[in-house]
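Numbering-wise (the UniProt record's numbering), the sequence shown opens with residue 1 and increments by one.
Every residue, glycine too, gets a C-beta built ideally from N, C-alpha and C.
Below: one structure, written as structure tokens.
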Amino acid sequence: MTAPLTEAEFAVLAAVSRETRDRLVAYVALLAKWNAKINLVGPATLGDVWRRHILDSAQIHDRVAAAEVLVDLGSGAGLPGLILAILGGPRVHLIESDARKCAFLHEAARVTGTAVTIHNKRIEAVPPFEADVVTARALAPLAQLLDHAVRFLKPAGKCVFLKGARQADELTEARKSWHMRVTERPSLSDPSGVILEVESPTRER
């Protein structure tokens, strides 16, 4: 069994500043506190929180840092969207329909001193606006994610999705109804996971 990733090990892997590290520590403490009351993440995953959640989110920062606007679909506990905002770069919009999770997002943004826009609505109820990048983690199958993402994606934008072991099946299914360019990268946090970068998604007519 792999030993849990420590805060210090994460800081080296992600090359974060002391200030950013402190803000992430504050996020992790708040996540543990709130998770005892509402289901933000699986309780067992908190034992390896720096790998399972912080590194998992932070590993795509280099793929989105140059964007101006990022939309995170189904943000939940702010993974990956709030973590990406803490790391710096785009103006981040978090879309989450659960009011309790949005309360956590507001408090986490306050505690970490992070500027984000939080939309407490279902994805389809948010008026479309243009984003350079759309992200999502553990939300829905790829085909469904694309249905949501194209409402926000600029023509030259891209989707960056964190996917698990079923990604190959999801990709096969999505290609039945979508044309797209896909780049796959291995996950740094999960041996069975991948990062899917999707460009130019167009629904089959």
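| Query | Result |
| --- | --- |
| Segment contact, 8 Å Cβ cut-off, at least three pairs: the stretch 72-80 with the stretch 96-113 | yes |
| Straight-line gap, Leu-31 to Ala-143 (C-alpha atoms, nearest Å) | 30 Å |
| Neighbourhood of Val-49 by C-beta, 6 Å cutoff - its chain only, sequence neighbours within 5 removed | Val-28 |
| Reduced DSSP category for Thr-114 - H, G, I as helix; E, B as strand; rest coil | coil |
| Pairwise C-alpha distance: Ala-66 and Val-134 | 13 Å |
| Where Ala-85 falls, given that 16 or more other Cβ within 10 Å makes a residue buried | buried |
| Three-pair Cβ contact test at 8 Å for the stretch 186-199 versus the stretch 153-172 | yes |
| Residues of its chain near Val-71, where Cβ-Cβ distance is below 6 Å and the 5 sequence neighbours each way are ignored | His-93, Ala-131, Val-134 and Phe-152 |
| Which of helix, strand or coil DSSP assigns to Leu-162 | strand |
| Local Cβ density within 10 Å of His-148, reported as buried at 16 or more and exposed below that | buried |
| Separation of Ala-174 from Pro-141, as counted between CA atoms | 8 Å |
| Start and end residues, beta strand (DSSP E) containing Leu-73 | 69-73 |
| 8 Å Cβ cutoff met for Pro-201 and Val-126 | no |
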